[in-house]
Amino acid sequence: MASAEQLKQIIDLHELADRLGMERPDPTGNYKAPNRPDKHPSVSIFDAAQAGYMMWKDHTSGEKGSCIDLVIYCGQAVDSSEAMQWLHAEFNIPTDNAPQQIKQQSQLSWVAEKQLAVASDAKAYLVDQRGIPAPVVEMLIKRGAIGFSDWHSPKKNPGELGYGGPAVTFPSRCLFTNEVMGIDLRFIDPALNGDNKTKAMGEKRGYPYIPDKVALKRAKTVIVVESAINAISAIAAFDPEGKGKGLFTAIATRGLAVEEIDWRFLTGKRVICCFDNDEPIADGPRKGHRPGPEAAWIVHEKCTALNIPCFLVDHKNGKWEGLNDLNDFLKQHGPKLTKYNLIYNLDQWLVTGQDGEFEHANHKRLPLPNHDQHLYWTYRVKPDFTSYLKVVTDGESEQKIPQDVCSFRIAGLSKITISSASSAMTGEPDLQPTKVYSATIQTPDSPNELTRFVLKREQLYNIDVWRRVGGGIFNPGKFTRMISILERATHIGERSAVNFVGLAWHDGKAILNEGPDSFFTDPTQQCPYHNLQFPSGTPEQGRRVIEAYHATFKNNAALMLLVWGLGAHAKTFLGFWPHYMLNAGKGAGKSTLVKSLERTLAFTMFSGQSLKTEFRLLTSISHTSHPVGWEELSAQGQGVIDKAVAMLQESYQYTITRRGTDMTEFLSIAPVLLAGEDVPVQSLLGKLVRSDLTGRKGDMIPDELPRFPVKDWIKYLTSYTRPQMKRAYRECVDYLSKHCMAKPDDNGANRMRDNYACLMLTWRLLCEFTGVASNYGDFVKDIVTEMNTHIRETEAEREPWVWIMELILGEMDAGHFRHPYAFDWVEGELCLLVRTSHIMQHISQSPALKAKFDSLPVKSDRILKKQLKEAKVVLKDGHEKSINGKRIANFVALGVEDLRAFGLFPAVPDDVQEKETNQ
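Residue numbers (our numbering): 988 to 1906.
1) Do you know how far the Cα of LYS1377 is from the Cα of TRP1364?
2) Just grab the DSSP bridge partners of VAL1368 for me.
3) From HIS1046 to LEU1243, what distance separates their C-alpha atoms?
4) What separation, rounded to the nearest whole angstrom, lies between the Cα atoms of GLN1092 and ARG1192?
5) By the three-class DSSP mapping on this structure, what secondary structure does GLY1673 have?
6) Compute the Euclidean distance between the alpha carbons of PHE1033 and ASP1171, then round it to the nearest angstrom.
7) Rounded to the nearest angstrom, what separates LYS1090 and GLY1758 at their Cα positions?
8) Cα separation between GLY1626 and PHE1252?
9) Measuring CA to CA, which of GLY1457, VAL1485, GLU1385, ASP1381 is closest to TYR1422?
10) What are the boundary residues of the alpha helix (DSSP H) that PRO1581 is part of?
11) Exposed or buried, what is VAL1027 when buried is set at 16 or more other beta-carbons lying within 10 Å of its beta-carbon?
12) What residue from SER1842, LEU1851, LEU1817 has the CA that sits closest to TYR1825's CA?
13) For TYR1196, which beta-bridge partners are listed by DSSP?
14) If you draw a straight line from the alpha carbon of ILE1701 to that of CYS1745, how long is it in whole angstroms?
15) Can you round the beta-carbon distance between LEU1234 and THR1208 to whole angstroms, since I take them to be within the 8 Å contact cut?
16) Assign GLN1341 to buried or exposed, taking buried as 16 or more other Cβ atoms, counted over all protein chains shown, within 10 Å of its Cβ.
17) Rounded to whole angstroms, what's the CA-CA distance from ASN1084 to SER990? Just pull it up for me.
18) Using 10 angstroms around the beta-carbon of TRP1564, count the other beta-carbons present and answer buried if the total reaches 16, otherwise exposed.
19) Rounded to whole angstroms, how far is the Cβ of ILE1133 from the Cβ of VAL1105, which I believe are closer than 8 Å?
20) Can you look up TYR1448 in the DSSP assignment and give me helix, strand or coil?
21) Roughly how many whole angstroms lie between the Cα atoms of VAL1899 and GLU1814?
22) Exposed or buried, what is GLN1419 when buried is set at 16 or more other beta-carbons lying within 10 Å of its beta-carbon?
23) Could you tell me whether the segment 1532–1545 touches the segment 1597–1616, where touching means 3 or more Cβ pairs closer than 8 Å?
24) Throw me the rounded Cβ distance for the TYR1196 and ALA1218 pair, which I believe falls under 8 Å.
25) Using only the alpha-carbon positions, how far apart do GLY1616 and THR1705 sit?
26) Under 7 Å, Cβ to Cβ, is there at least one residue of chain D near LYS1377?
27) Is the CB-CB distance between GLY1152 and GLY1169 below 7 Å?
28) Look at the alpha carbon of LEU1295 and the alpha carbon of THR1776, and state the distance between them as a whole number of angstroms.
29) Taking SER1655 and SER1609 to be in contact with their CB atoms under 8 Å, please state how far apart those CB atoms are, rounded to whole angstroms.
30) Does ASP1381 come out as helix, strand or coil in the three-state DSSP assignment?
31) List in chain order: all unbroken alpha helix (DSSP H) runs of 4+ residues lying wholly within the segment 1198–1274.
32) Which residues does DSSP pair with HIS1566 in a beta bridge?
33) Starting from the C-beta of GLN1520, find all residues in its chain whose C-beta is less than 8 Å away, skip the five residues before and the five after it, and write them out in chain order.
34) With DSSP as the reference, label PHE1695 as helix, strand or coil.
35) At the level of alpha carbons, what is the spacing between SER1067 and ILE1055?
36) Is it buried or exposed for TRP1750, if we count other Cβ within 10 angstroms and need 16 for buried?
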């Protein structure tokens, strides 16, 4: 039987809608809802590129989904199981074999190409009726931003809805792939199309219309409008001669669904919103609301949350009277006044979008009590300055004199609920959330970037805190009064967040969380990636990266490292992730590989100088699943090494700790790359994987190699549930168990096997994400080989008793062991007779061995004796022998040959060896 994912890939939703009897008045338009009167068809079907299959949405009710959901929506099934059975029967899909996947071919690109070829036919309409200068139209036609369509339905008569007719078309493309995701049509004669002015093809939500991608990359200021016509009007205002230069451009949201757009692509730019000047809705549940201005509020909130300066054009001046959108303004006032209006006629109120005369508005963004309302109107803001109006009465006249308040603008003050670290790591209901305030300000030195900092409740009115971050406060009294007003607006932009960078759990769902999404009270100390935004791209770019890392070192030595770094984000699913030990001799290419990996994954390699203290070690691995690197740990002092090993033990899973007088929280979790010729982590053998670069050089990694699309990779991982991920992991463990050289009861080897299963799991997921074949480059074979080599070479090093005995035998050989011991024959075997209590006493009480003792995981003789017995090196417990005239009991007899099997070689006295010969 085909799985749900396979059905989504196979079934064409247009064909399914036809079989379900859904009515489609316009052959290329929307469908009517089957369960209610639907005068204007509201159900759209589109190719969702992010999901990878076709989807549908009812724009009235908000319902949406895949082919399975559409069957339920139309009443053909009551649940997913019944819907899948209906689909199998309706489309005659075999239930015994998995059906062949058929990739749906979108015609949008083909349609857009045909429309762009005749774009010159749209010029007359845009110039004559829309007032766009001809040079601007010609420039945008060359940019591929304008097309023309004369299609009409042969089944409809002129004047009927869905007939079509001549229309100007505006293709919207994906920012990364440049693929056409949607096409907007503006009918030249709406009467031919049943008085319907516009139509959209393909995906409408989440993909803004960008007329000029080259200009967008160059621009410092971006005008955001609702429709493509208005975006072209804004471009015409700044560049009426169509030269394609300047630092201004425009984009269109293609409607009011602004919350579904990822606004990060405008980072580093200034945004000016000029949405339609809609009148309040006269009737209905949204009576009094103004759709255009309220959509601009949302854009302002979204941009402010991303530290993007955002401003709103003030529609209250007389120039906008009777005008609805920017194109109306351009036609009436011309390019010069339109440009001036967009640059200088901006909202100056303390709360963006909250007019000073808001008491007359039908819908208030921020209702204020009288005592705040009385002062609110006196405050004025510039892009990077705040002042208030002092009212001076002189006889019968009244003057409003601007007075300085502070040298910055508060763009937003919002309340943030931070999920607890435990909830972020496990997905369990949050029992310990914390609340903080996020202040976002704009200062004169950063015209295109906002500065954000986090305040606790007790810091909200602390002038010194604001001065430290923002700058000058010229009137502390007025400033404090202003904060008291803004405190009432903290619900604007209020959100719940996770202080974590990477893949975390939020409200029970796996999410991608980047640096700007977090709200650390001390970001530079709490997380090494507090300002990181992961590189984006396509799976094809990821495939190229995999191929390059496969070729750069033989036996996939470098590709294993790449796979480990990418798979680290699955840690929040599995609950653990191994560290990585990269061994390499001089000139093996380690430094070159690490530098390439830093660029590829945007991860940080910390130098030895930055790891000198325990606190620096802690801050380097806190609050992120993105890997970090520690360079040449072996070159540090033993004290630093011991602290580092302790940190690595904690971050194998995760540990919550609090430091300082403020009890600042740190979450030790990041997987660590340990690179060098010698990595002194003997006690971590069961918590890391490794590869060796020595003698394995291959091709150099190309300089033009793209970065791996880490952001898209993490989003792909979030599509999995924890049970799905753990089930896939167990399959990898079972596979490696069949190919593991160790005995089933070797617990240390089993843990190492589990660690290498993490690499195998990541490889399988990467193959699905990038389309690489699972047997590519014999990667799985090399994992098995590396795992077995690692297990075999560390067989005698994995147990703490081996480290202790190696230390004690060295002390005995040097004559430093003060307690009685002897070599003797016991039951025909040569044995070392010693008390385990004496061993631990000697290590703990010797000043020279104090650092060694502190780093040992075993510190009691009882546990030491237990491990010796489990290793089967104890031939007899409780043995007695006379030494120097004293009868000493409770020796353990350790077989010399058994010790030698573990790489331990006691120095046996000659007289004992002679006795062996005599026997």
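Here a beta-carbon is modelled for each residue, glycine too, at the ideal position from N, C-alpha and C.
On the basis of the data shown:
1) Indexing the sequence shown from 1 puts residue 1364 at position 377. Indexing the sequence shown from 1 puts residue 1377 at position 390. Distance between the alpha carbons of TRP1364 and LYS1377: 11 Å.
2) Within the sequence shown, the letter at position 381 stands for residue 1368. For VAL1368, which the question treats as bridged, DSSP gives the partners THR1373.
3) Locating residue 1046 in the sequence shown gives position 59, counting from the first residue. Locating residue 1243 in the sequence shown gives position 256, counting from the first residue. Going by the C-alpha atoms only, they are around 12 Å apart.
4) Counting from one through the sequence shown, the residue named residue 1092 turns up at place 105. Counting from one through the sequence shown, the residue named residue 1192 turns up at place 205. Because the pLDDT at GLN1092 is just 38, under 50, the model does not fix this residue reliably, and the value given afterwards should be weighed accordingly. Going from the Cα of GLN1092 to the Cα of ARG1192 covers about 20 Å.
5) Working through the sequence shown from its first residue, we reach residue 1673 at position 686. Helix, per DSSP.
6) Residue mapping note: residue 1033 aligns to position 46 of the sequence shown, counting from 1. Residue mapping note: residue 1171 aligns to position 184 of the sequence shown, counting from 1. Using only the alpha carbons, I get a separation of about 14 Å.
7) Counting from one through the sequence shown, the residue named residue 1090 turns up at place 103. Counting from one through the sequence shown, the residue named residue 1758 turns up at place 771. Here LYS1090 scores only 39 on pLDDT, less than 50, and its place in the model should not be relied on; the value that follows carries that caveat. If I take the Cα positions, the gap works out to 14 Å.
8) One-based indexing of the sequence shown puts residue 1626 at position 639. One-based indexing of the sequence shown puts residue 1252 at position 265. Distance between the alpha carbons of GLY1626 and PHE1252 is about 46 Å.
9) Residue mapping note: residue 1422 aligns to position 435 of the sequence shown, counting from 1. The sequence given here places Lys at residue 1422; Tyr does not occur at that position. Here the closest residue by C-alpha is VAL1485.
10) Mapped onto the sequence shown, residue 1581 falls at position 594. One point to set straight first is that residue 1581 is Val, not Pro, in the sequence displayed. Run containing VAL1581: 1577–1588, per the alpha helix (DSSP H) assignment.
11) Walking along the sequence shown from the start, residue 1027 turns up at place 40. For clarity, residue 1027 is His in the given sequence; the question names Val instead. Classification for HIS1027: exposed.
12) Residue 1825 sits at position 838 when you count from the first residue of the sequence shown. Note that residue 1825 is His in the sequence shown, not Tyr. Closest option to HIS1825, Cα to Cα, is LEU1851.
13) For the purposes of this step, residue 1196 is taken as residue 209 along the sequence shown, with counting starting at 1. Partner(s): ALA1239.
14) The residue you call residue 1701 lines up with position 714 of the sequence shown. The residue you call residue 1745 lines up with position 758 of the sequence shown. Their backbone Cα atoms lie some 16 Å apart in a straight line.
15) As a working note, residue 1234 is residue 247 in the sequence shown. As a working note, residue 1208 is residue 221 in the sequence shown. Their Cβ separation, rounded to whole angstroms, is 6 Å, which keeps LEU1234 and THR1208 in contact under 8 Å.
16) Taking the sequence shown and counting its residues from 1, one reaches residue 1341 at position 354. It counts as buried.
17) As a first step, residue 1084 is located in the sequence shown; it is residue number 97 there, counting from the start. As a first step, residue 990 is located in the sequence shown; it is residue number 3 there, counting from the start. Below a pLDDT of 50, predicted positions are generally treated as unreliable, and ASN1084, at 42, falls in that range; the measurement from the model is reported next regardless. C-alpha separation (whole angstroms): 11 Å.
18) Within the sequence shown, residue 1564 is the residue found at index 577, counting from 1. Per the 10 Å Cβ criterion, buried.
19) Looking up residue 1133 in the sequence shown gives position 146. Looking up residue 1105 in the sequence shown gives position 118. The Cβ separation is near 11 Å, so there is no contact.
20) As a working note, residue 1448 is residue 461 in the sequence shown. TYR1448: coil per DSSP, three-state reduction.
21) As a working mapping, residue 1899 is identified with position 912 in the sequence shown. As a working mapping, residue 1814 is identified with position 827 in the sequence shown. For VAL1899 and GLU1814, the distance between alpha carbons rounds to 15 Å.
22) By 1-based counting over the sequence shown, the position of residue 1419 is 432. It is exposed - the Cβ of GLN1419 has fewer than 16 other Cβ atoms within 10 Å.
23) no
24) Translated into positions along the sequence shown, residue 1196 becomes position 209. Translated into positions along the sequence shown, residue 1218 becomes position 231. Right, the Cβ-Cβ distance comes to about 6 Å (below 8 Å), so this counts as a contact.
25) As a working note, residue 1616 is residue 629 in the sequence shown. As a working note, residue 1705 is residue 718 in the sequence shown. About 25 Å.
26) Among the chains in the structure shown there is no chain D, since it carries only a single protein chain.
27) Taking the sequence shown and counting its residues from 1, the one referred to as residue 1152 is at position 165. Taking the sequence shown and counting its residues from 1, the one referred to as residue 1169 is at position 182. No.
28) Residue numbering aside, residue 1295 sits at position 308 when the sequence shown is read from its first letter. Residue numbering aside, residue 1776 sits at position 789 when the sequence shown is read from its first letter. Sequence check: residue 1295 is Ile here, not Leu. Using only the alpha carbons, I get a separation of about 52 Å.
29) Locating residue 1655 in the sequence shown gives position 668, counting from the first residue. Locating residue 1609 in the sequence shown gives position 622, counting from the first residue. Contact flag correct, Cβ pair sits at about 6 Å.
30) On the sequence shown, position 394 is the one that residue 1381 refers to. ASP1381 falls in the strand class under three-state DSSP.
31) 1200–1205, 1215–1225
32) For the purposes of this step, residue 1566 is taken as residue 579 along the sequence shown, with counting starting at 1. Bridge partners of HIS1566: LEU1675.
33) Along the sequence shown, one-based indexing puts residue 1520 at 533. Closer than 8 Å at the Cβ level, and outside the excluded window around GLN1520, lie ARG1251, THR1254, GLU1501, GLY1502, PRO1503, LYS1698.
34) Within the sequence shown, numbered from 1, the residue matching residue 1695 stands at position 708. In this structure, PHE1695 counts as coil in the three-state DSSP scheme.
35) Here the question's residue 1067 lines up with position 80 in the sequence shown. Here the question's residue 1055 lines up with position 68 in the sequence shown. Distance between the alpha carbons of SER1067 and ILE1055: 6 Å.
36) To locate residue 1750, count along the sequence shown from 1; it is residue 763. That one is buried.
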